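Notes follow once the structure below has been shown.
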Amino acid sequence: MLRDEKMTMRCLAALAGVVLAGLLPAGCATATIEDAVPAGALEQAPPGAAASAPAATAGTYPDLNATPAAAAPQISEQEKAAETAELRARREQLARQAQQRGVSDDADELRRLAGSHADETLRQIEGD
Numbered sequence: 038m039l040r041d042e043k044m045t046m047r048c049l050a051a052l053a054g055v056v057l058a059g060l061l062p063a064g065c066a067t068a069t070i071e072d073a074v075p076a077g078a079l080e081q082a083p084p085g086a087a088a089s090a091p092a093a094t095a096g097t098y099p100d101l102n103a104t105p106a107a108a109a110p111q112i113s114e115q116e117k118a119a120e121t122a123e124l125r126a127r128r129e130q131l132a133r134q135a136q137q138r139g140v141s142d143d144a145d146e147l148r149r150l151a152g153s154h155a156d157e158t159l160r161q162i163e164g165d
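Every letter in the sequence shown is one number past the one before it in my numbering, and letter 109, counting from 1, is 146.
What follows is the structure, given as structure tokens:
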């Protein structure tokens, strides 16, 4: 019986080899360069077109002390103060609404609970 099992395994291995040998060339032959490369990369550049313009200040170091120009208009100190005051007023309004609804600030209680859970978990890990 052991001999029959070895023969079956050899037949399966040979069959797998034949199947793979047939699939490998088929997998290599289906891809073309047009499928693998974007269409724009295959087009030829028009004659006389430069690849890129030369640098205006080639061979010099950039001025790192120059102040860059702002991309957008900057807010003034008055605008900043007005926005800050508006945000503070909104925060206070939301805090009053939360108090009216009975929402409490449980930050201290949550910190105490987190500390006790951390201690309990550490004791469990250490096996105490």
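Backbone N, C-alpha and C define an ideal beta-carbon position, used for all residues, glycine too. Treat the numbers as computed from the prediction; the structure is a model and nothing was measured.
Measuring straight from C-alpha to C-alpha, what distance separates LEU147 and GLU157? Counted from its first residue, the sequence shown places residue 147 at position 110. Counted from its first residue, the sequence shown places residue 157 at position 120. When rounded, the distance between both Cα atoms is 15 Å.
GLU80 (DSSP reduced to helix, strand or coil): In the sequence shown, counting from the first residue as 1, residue 80 sits at position 43. Here GLU80 sits in coil by DSSP.
Could you check the C-alpha separation between THR97 and PRO75 for me, to the nearest Å? The residue labelled residue 97 in the question sits at position 60 within the sequence shown. The residue labelled residue 75 in the question sits at position 38 within the sequence shown. Approximately 37 Å, taken between the alpha carbons.
State the start and end residues of the unbroken alpha helix (DSSP H) segment that holds THR158. The count along the sequence shown starts at 1 and reaches residue 158 at position 121. Taken as a continuous stretch (DSSP letters only), the alpha helix (DSSP H) holding THR158 covers 144-163.
So for ALA95, helix, strand or coil by DSSP? Numbered from 1 along the sequence shown, position 58 holds the residue referred to as residue 95. Residue state, collapsed to three classes: coil.
Would you identify the three-state DSSP class for THR69, choosing helix, strand or coil? Position 32 of the sequence shown, counted from the start, is the residue given in the question as residue 69. THR69 falls in the coil class under three-state DSSP.
Is GLY139 helix, strand or coil when you go by DSSP? Mapped onto the sequence shown, residue 139 falls at position 102. Note: GLY139 maps to coil in three-state DSSP.
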